[in-house]
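For reference, the structure is listed below as structure tokens.
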Amino acid sequence: MSSNPRPVRAITTTLGVALLLATLFTALPSEGLANGNFYERLSLLLTPRAPDEVSTAQPQLRIGIVAGHLGNDSGAVCVDGNGSVTLTEAEVNLDIAAIVQQQLQGAGYVVDLLNEYDTRLNGYRALAIVSIHNDSCEYVNDQASGFKVAAALNTNDINRANRLTACLVDRYQKITGLDFHAGSITADMREYHSFREIDPSTVAAIIETGFLNLDREILTKETNRVATGVVDGILCFTNNENIEPTPIPNLNP
32 MSSNPRPVRA ITTTLGVALL LATLFTALPS EGLANGNFYE RLSLLLTPRA PDEVSTAQPQ
92 LRIGIVAGHL GNDSGAVCVD GNGSVTLTEA EVNLDIAAIV QQQLQGAGYV VDLLNEYDTR
152 LNGYRALAIV SIHNDSCEYV NDQASGFKVA AALNTNDINR ANRLTACLVD RYQKITGLDF
212 HAGSITADMR EYHSFREIDP STVAAIIETG FLNLDREILT KETNRVATGV VDGILCFTNN
272 ENIEPTPIPN LNP
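Letter by letter, the sequence shown follows residues 32 to 284 of the working numbering.
Printed below as a string of structure tokens:
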């Protein structure tokens, strides 16, 4: 009687699949099973891909941009002599944030444009998150011009938080020419609500890009320049770029 190779092949195939599944269960992190997406990951791994797709595919890094006051309130308000509203902080914040998102996406990042109290902020995880705001439209004095930056202090890595702040200060100042107002950073900035909502592994900062009174022209007419200053600061952080120290003037001529 001639031998039938089919049972042998079936056993070999079964063993092969079992070995593959055992390998996949070992390779996949346990949270994949807990989150119920094991079959999605398994399907992804078993789906044939072109050789160039396998070799060139790179994971995209995520960055969050909060448009201050968006979806909540107007923020600071500018009014004319008749009491009519001419500009709101929320408008300016959104204009800047949208351009920041566009530029970062062009640089290859996945960018979430977030509302002030966006539900996605709860446990939000990303390489970095920056909230964009602006200061009052009221005239304070001739020195009420410039920007402020504060970092999230409730973070797993305060050094990285400070580096994000330093990058934003350095690059934004160079691009816009505005002064950094370190002395007028408020407790509201340091204790910004989003800092308490996001995952502590996400490095975060808040920037007030200018005063809606004396800096109104650059904020509304050179919005691309303002946004580029924010983007360059973020890229300085993500690319681990150097920050040149600010020269100290010689006080002894």
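We treat Cβ as the ideally placed atom computed from N, Cα and C, and that holds for glycine.
Take the Cβ of residue i as the centre, count every other Cβ of all protein chains shown within 10 Å, and call the residue buried at 16 or more, exposed below.
i      : result
Gln132 : buried
Asp83  : Per-residue confidence for Asp83 stands at a pLDDT of 41, beneath the threshold of 50, marking its modelled position as unreliable; no derived number is given.
His224 : exposed
Ala107 : buried
Ser162 : buried
Lys205 : exposed
Thr286 : With the chain represented from 32 up to 284, any question about residue 286 goes unanswered, as that position is not in the structure.
Thr217 : exposed
Glu239 : buried
Ala213 : exposed
Tyr155 : buried
Gly241 : buried
Note down, in chain order, each residue of its chain lying with its Cβ closer than 7 Å to the Cβ of residue i, except the 5 sequence neighbours on either side.
i      : result
Val142 : Ile94, Ile96, Gln132, Leu135, Gln136
Ala138 : Leu266
Asn185 : Phe226, Arg227, Pro231
Leu101 : Ala121, Asn124, Leu125, Asn146, Glu147
Asn153 : Glu228
Arg80  : Here the model assigns Arg80 a pLDDT of 43, short of 50, so the residue's position is not dependable, and the following value carries that caveat. Excluding positions up to five away in sequence, the list is empty.
Gly260 : Arg202, Tyr203, Ile206, Thr207
Val262 : Val131, Gln134, Leu135
Val200 : Val180, Phe211
Ala157 : Arg93, Ile94, Gly95, Thr233
Leu245 : Ala175, Ser176
Glu111 : Here residue 111 turns out to be Asp, not Glu, going by the sequence shown. The residues are Thr117.
Tyr334 : Shown here, the chain extends from 32 to 284; a query on residue 334 therefore has no answer.
Thr254 : Asp126, Ile127, Ile130
Ser105 : Thr119, Glu120, Ala121
Closer than 6 Å by C-beta to residue i: which residues in its own chain qualify, once you throw out the five before and the five after it? Chain order, please.
i      : result
Tyr148 : Asn103
Leu118 : Cys109
Glu272 : none
Met220 : Ala181, Ile237
Arg247 : none
Under the DSSP definition of a beta bridge, which residues are partnered with residue i?
i      : result
Thr119 : Val108
Asp143 : Gly95
Asp20  : Nothing in the structure corresponds to residue 20, since the chain is present only between 32 and 284.
Val234 : Ala159
Ala182 : Ala236
Phe211 : Phe178
Rounded C-beta distance between residue i and residue j? I'm assuming under 8 Å.
i      : j      : result
Gly264 : Arg202 : 4 Å
Gln174 : Tyr140 : Their Cβ separation, rounded to whole angstroms, is 36 Å, which puts Gln174 and Tyr140 out of contact at 8 Å.
Asn165 : Leu243 : 5 Å
Thr233 : Ile160 : 6 Å
Lys179 : Ser215 : 6 Å
Cys198 : Ile274 : 6 Å
Ser176 : Leu209 : 7 Å
Ala258 : Thr196 : Ala258 to Thr196, Cβ: 18 Å. No contact.
Leu144 : Ala183 : In fact, because the Cβ distance is near 19 Å, the residues do not count as touching under 8 Å.
Ordered along the chain, which non-local residues of its own chain (more than five positions away) have a Cβ less than 8 Å from that of residue i?
i      : result
Ala192 : Ala182, Ala183, Leu184, Thr186, Val234, Ala235, Ala236
Arg256 : Ile206, Thr207, Ile249
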